[in-house]
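Residue numbers (this note's numbering), protein chains in the order written: chain P, 39 to 426; chain D, 39 to 426. Beta carbons: idealized from backbone N, C-alpha and C, even for Gly. Since we're looking at a predicted model, the values are computed, not measured.
Number of protein chains: 2
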Amino acid sequence: MAQALRHDAMRAGNLAVVLGALDRDGPLTRAALAEATGLTKTTVSKLVADLIDAGMAVESGAVRDGERGRPGVAVHLSGHRVAALGLEINVDYLAGCVVDLSRTARLFRTQAVDNRAASPEDVIAGLRDLAISMLADAAGHGLSVAGGIVALPGPVDRSTGTVHSAPNLGWRDVPVADALALPLPVLVDNEANLAALGELWFGSGAALGDFLHVSGEIGIGAGLVVDGALFRGAHGYAGELGHVVVSPDGPACRCGGTGCLERYAGQDALLPAGEDLAGLVARLRAGDPSAVAACERAGSALGIALTTAVNLLDPDTIVLGGIFAPLFPWVSGPAEATMHRRLGQIRARVPALVVSQVGADAAPLGGAGQVIQRIIADPGAHLLAPQP
Amino acid sequence: MAQALRHDAMRAGNLAVVLGALDRDGPLTRAALAEATGLTKTTVSKLVADLIDAGMAVESGAVRDGERGRPGVAVHLSGHRVAALGLEINVDYLAGCVVDLSRTARLFRTQAVDNRAASPEDVIAGLRDLAISMLADAAGHGLSVAGGIVALPGPVDRSTGTVHSAPNLGWRDVPVADALALPLPVLVDNEANLAALGELWFGSGAALGDFLHVSGEIGIGAGLVVDGALFRGAHGYAGELGHVVVSPDGPACRCGGTGCLERYAGQDALLPAGEDLAGLVARLRAGDPSAVAACERAGSALGIALTTAVNLLDPDTIVLGGIFAPLFPWVSGPAEATMHRRLGQIRARVPALVVSQVGADAAPLGGAGQVIQRIIADPGAHLLAPQP
């Protein structure tokens, strides 16, 4: 029994080594895999067969095997079966996406809805409907969804699947993962954290060095990526940029404070009542002075909060995402001017502001991407689990 | 030749393994060291002999060897020969300390001087005199100082030993390490970073979890310790708390910005012209209303900056050091009240403010401690280097 357990642990470790090599360097022949991993060819062949059976790898046909020139059959990571679900509850929309094991986004769904007007139960029921219909669509594409993550606009407790506080929704301690009751393992994470990971894996993240990704929504969050991983802080609550103090005597914020960045640069501060983002962008394109002035006010406040963030966090680059992506041409200039005025003398270099390459889907993509990372890091947990 | 190099590298690695075990778990017998490290008893005996010759280890006499009850001679890390020098240039003082290999502080020196009135050359010459006299004292105690670090009040380039900018001194791009020209390897680091490490190794740091250490001087810096290591940011400039924006339209700061924390809570903001810290503390003890009001103003501003720091960095605990240590009873209350008002609703727990256990010597202690860490991590570099 102990020996069997040890054998399973060893096999799980070896599966991860082989799938990791395919993910990083594939396609690879079995011989090249054996060389890269230090495993015997017999072991590699057996592990590859298991990965192919599980739909995680596939043969790509004959290739020349590097320098030796012998033809062989290469194997690559396959996206045709295993997939992950990324979901998001935000203040004025629900969203979801399905990403396959090769990190290709296969399905997107967004639903505009005022979640402030609904109870947590109704919002979660709405997300459940969206998720169930996406799982059905995924099955129609031959995809088996291994797990999901829900992005939430506030600090979460990842171990219990609970959002601790989402002031813009008026939620406190809502056990989202349990309440969702989906037929697959579901975790929760902070929306701004997942959006930063979305930029890292599906946008220009890998080229940016250490970056701070700013998610502008009705709330404003940020995620700091250091050496390719999220900086989460001691309790996972780091990056709450929206409640950085811009002006201590400023307007009251839903968090209980005053003068927080959200009150100057969040979606509600930028959009006149009744106008949507597309309407604002249209007015900006037409050069409407009040729209331009609103973006200048928001951009200057964002510049103050980002000055503070640079002083404390010292990133290489700052990525503006969420609503700040379509508003980038009008918001980034005032923000940069403020940062240069305040940081230019004490820093050799003021971090550049760049626009998100992912935009509105960043958080669900980051969530699904995180599930894919976990599967690739431990395919055995998925593959060796008792099949239902 | 290649084999000799390989042998040296192996020996250096094994020396580090043995010295690391003594540092963590000593005193240990040679037999226990062999068991703990997986090295043969012959190899351990030879390495221990080398460490004893180098003055890094010493026999502590016969002890019972754990469970087996056989008496043996234990070895422990020795502080009697190898030591490190910590130095600090700040706005109104120079400081130095010598710490031995067992992390016992052996010598302290502080010199009050207005470094704003002097040229960088003169300040560095003054620090050189202080260092040379401390090296002579150390030699008188039988200590051989292996290296030093200079703490500087601004962002530094550690690779070139240069302080990039120290606005409170009016310095830009001063090559401090080279200019100091001491007869030992000298590095530079940011004062606030080293003070955080000083608290970690010589204060209550290890018990605090992830903590933010605030260094109040004429400037205000902070160092974030995560998992026992400094969070430095992409360019080593993280933790510039003094230039966090408290109120964007506030008074002009030497950094080029306005309304920075330093202008509300730095030493110059707290002390009326001509008064020193001891005078202020005396007035506070006597209940002088203007002194109390000054600390309330400073504490509230500190509370705003720390609210922002908690939102972005999410530490477990915040340690107030430098001038905030003697002023803790008068500054911490207003700061905590501000933080609770602004963070209480969105955080399950607002980080506690605690007073530094190291105080004014934190930065030089952290610097010397960092040199000691390096020697213990690689004693071979010190021990195998050609002796002069």
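Beta-carbon neighbours of residue i, restricted to chain P and to distances below 9 Å
i	result
C431/D	Because chain D here runs from 39 to 426, residue 431/D falls outside it and cannot be looked at.
T202/D	As written in the sequence, residue 202/D is His, which differs from the Thr given in the question. What H202/D touches in chain P: I384, R385, A386.
Reduced DSSP category for residue i - H, G, I as helix; E, B as strand; rest coil
i	result
L344/D	helix
G277/D	coil
Q411/P	helix
C293/D	coil
P426/D	Its pLDDT being 40, under 50, P426/D is placed unreliably by the model, and the measurement read from it follows with that caveat. Note: P426/D maps to coil in three-state DSSP.
H114/D	strand
R301/P	helix
L71/D	helix
L57/P	helix
V161/D	helix
V388/P	coil
S203/D	strand
D416/D	coil
V282/D	coil
D195/P	strand
H378/P	helix
R49/P	helix
S98/P	strand
V263/D	strand
V319/D	helix
L421/D	helix
L218/P	helix
D173/P	Checking the displayed sequence, the identity of residue 173/P turns out to be Leu instead of Asp. In the structure shown, L173/P sits in a helix (DSSP, three-state: H, G or I).
L225/P	strand
V393/D	strand
Y246/P	Per the sequence presented here, residue 246/P reads as Leu, with Tyr not at that position. Here L246/P sits in coil by DSSP.
L309/D	coil
L66/P	strand
Where residue i meets chain D, residues with beta-carbon distance less than 8 Å
i	result
A336/P	Here the premise fails: no neighbours, minimum Cβ distance about 14 Å.
P372/P	Neighbours of P372/P on chain D: none; closest Cβ ~13 Å, over 8 Å.
Residue i: first and last residue of the uninterrupted beta strand (DSSP E) it sits in
i	result
T148/D	143-150
G185/P	182-190
I356/D	355-360
G257/D	From DSSP, G257/D is part of no beta strand (DSSP E); its letter is neither H nor E.
L235/D	Run containing L235/D: none in the beta strand (DSSP E); it sits in the alpha helix (DSSP H), 229-240.
V120/P	120-127
R210/P	209-212
G134/P	131-138
Within chain D, partners of residue i - CB distance below 7 Å
i	result
H251/P	The contacting residues do not exist; H251/P stays about 13 Å from chain D at best.
P213/P	Those do not exist, as P213/P stays about 15 Å from chain D at its closest Cβ, beyond 7 Å.
G247/P	A272
Assumed close pair residue i, residue j - CB separation to whole angstroms, cut-off 8 Å
i	j	result
V396/D	E237/D	5 Å
A54/D	G418/D	7 Å
S116/D	V96/D	4 Å
G192/P	V201/P	5 Å
H118/D	L60/D	Not quite, the Cβ-Cβ distance comes to about 14 Å (not below 8 Å), so this is no contact.
G304/D	I256/D	6 Å
L13/P	A339/P	Since the displayed chain P opens at 39 and closes at 426, residue 13/P lies outside it and no answer follows.
Proximal chain P residues relative to residue i, where beta-carbon distance stays under 8 Å
i	result
P205/D	Q383, I384
Opening and closing residue of the alpha helix (DSSP H) in which residue i lies
i	result
R270/P	First-last for R270/P: undefined, no H or E at that position.
V82/D	79-91
G325/P	It is not in any alpha helix (DSSP H) - G325/P carries neither H nor E in the DSSP assignment.
Self-check item: Contact list for the stretch 274-289 of chain P against chain D, Cβ threshold 9 Å
Solution: Answer set for the stretch 274-289 of chain P: G274, Y275, A276, G277, E278, L279, G280, H281, V282, V283, V284, S285, P286, D287.
Quiz prompt | Contact residues within the stretch 338-353 of chain P, judged by C-beta distance below 7 Å to chain D | solution = I342, T345, T346, A347, N349, L350, L351, D352, P353
Quiz item: Listed in chain order, which residues of the stretch 63-77 of chain D have Cβ atoms closer than 9 Å to some Cβ of chain P?
Solution: none
Quiz item: For the stretch 180-203 of chain D, which residues have a CB atom closer than 9 Å to at least one CB atom of chain P, in sequence order?
Solution: G192, P193, D195, H202, S203
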